[in-house]
Amino acid sequence: KVSLYLPCRAINTYISSNMSSTTESSAMHPKLTVIKSRAFASLFTKIRDKDTPSAEFVRYSKRLMRILAEESIAHLPSTPTTITTPTSLPYAGELSIADTHPDNVCAVSIVRAGDSLLESVREICPGMRVGKMWIQRNEDSSSKEAIHSCTKLPRGIERMDVLLCDPMLATGGSAMSALRTLVEEYNVDPGRIVFANVICCPEGLEALAKAYPDVRIVTCYVDEGLNGDKFIV
Numbered sequence: 045k046v047s048l049y050l051p052c053r054a055i056n057t058y059i060s061s062n063m064s065s066t067t068e069s070s071a072m073h074p075k076l077t078v079i080k081s082r083a084f085a086s087l088f089t090k091i092r093d094k095d096t097p098s099a100e101f102v103r104y105s106k107r108l109m110r111i112l113a114e115e116s117i118a119h120l121p122s123t124p125t126t127i128t129t130p131t132s133l134p135y136a137g138e139l140s141i142a143d144t145h146p147d148n149v150c151a152v153s154i155v156r157a158g159d160s161l162l163e164s165v166r167e168i169c170p171g172m173r174v175g176k177m178w179i180q181r182n183e184d185s186s187s188k189e190a191i192h193s194c195t196k197l198p199r200g201i202e203r204m205d206v207l208l209c210d211p212m213l214a215t216g217g218s219a220m221s222a223l224r225t226l227v228e229e230y231n232v233d234p235g236r237i238v239f240a241n242v243i244c245c246p247e248g249l250e251a252l253a254k255a256y257p258d259v260r261i262v263t264c265y266v267d268e269g270l271n272g273d274k275f276i277v
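Residue numbers (my numbering): 45 to 277.
Printed below as a string of structure tokens:
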């Protein structure tokens with residue numbers, strides 16, 4: 045397990061000292077992107093404090109998820125676009141498919157926690173299609189396996205880019221269930237899936253790396269591991 049934890053420290057040390065907006069690492073998943081933002085230090089301090097009141101927790105979480113939503117959307121396909129500024133000068137930029145063809149993108153929430161992130165995504169791109177998966181882990185089981193009870197996705201999702209929303213990646217059970225449904229039952233290309241989450245752990249990243257190495261993962265923070273009850277600490 046030491047080999048799992050050391051990359052986490054290296055990644056988070058890099059994030060703390062580097063000025064770039066994101067950093068990518070293949071140490072735990074070949075397409076893992078860890079967002080770097082100065083805002084995270086204070087936001088996580090409030091969110092992870094056991095004494096933070098519920099109203100404050102919600103407010104700080106929404107601020108953090110807005111950053112995560114923007115960065116995750118930025119990992120969707122984009123098209124180079126040149127526009128003219130008010131001073132008649134050209135600006136060579138790009139537009140995300142979420143801006144140009146939002147109906148070709150589906151934001152899929154793993155209910156219920158995923159709905160909080162989905163809300164931030166929809167505030168940015170209200171025209172994006174929406175899907176839902178009702179998945180929860182069995183807390184009565186030592187393995188904490190996922191129980192997938194219901195799925196509702198739009199027709200034609202196999203031709204869309206997918207933004208999968210779930211704030212936590214712990215053991216990876218829920219994410220694996222959602223990805224298995226998208227890929228095996230609905231024929232979504234794993235390379236067209238962006239999985240957005242606030243905090244993830246090496247155990248979940250390792251599981252996804254083995255099963256779905258082509259899925260892009262965008263996260264705000266990588267923890268060092270789960271506790272004995274398989275919870276993020």
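Note that the Cβ used here is the ideal one computed from N, Cα and C, for glycine as well.
- Taking a contact as a CB-CB distance under 8 angstroms, the pair valine 152 and leucine 112 does not count as one, their CB atoms being some 15 angstroms apart.
- Around the beta carbon of aspartate 267, a 10 Å sphere encloses 16 or more other beta carbons of the protein chains shown; the residue is thus reported as buried.
- Around the beta carbon of aspartate 210, 16 or more other beta carbons sit within 10 angstroms, so the residue counts as buried.
- Rounded to whole angstroms, the gap between the alpha carbons of proline 170 and proline 198 is 15 angstroms.
- Beta-bridge partners assigned by DSSP to leucine 270: Ile276.
- Cβ-Cβ distances below 8 angstroms link glutamate 114 to Ile168 in the same chain, with the five nearest sequence neighbours on each side left out; the list follows chain order.
- For the pair serine 164 and methionine 220, the Cα-to-Cα distance works out to about 23 angstroms.
- Collapsing the DSSP output to three states places aspartate 143 in a helix.
- In the three-state reduction of the DSSP assignment, proline 124 falls in the strand class.
- Tyrosine 256 carries a coil assignment under DSSP once its states are collapsed to helix, strand and coil.
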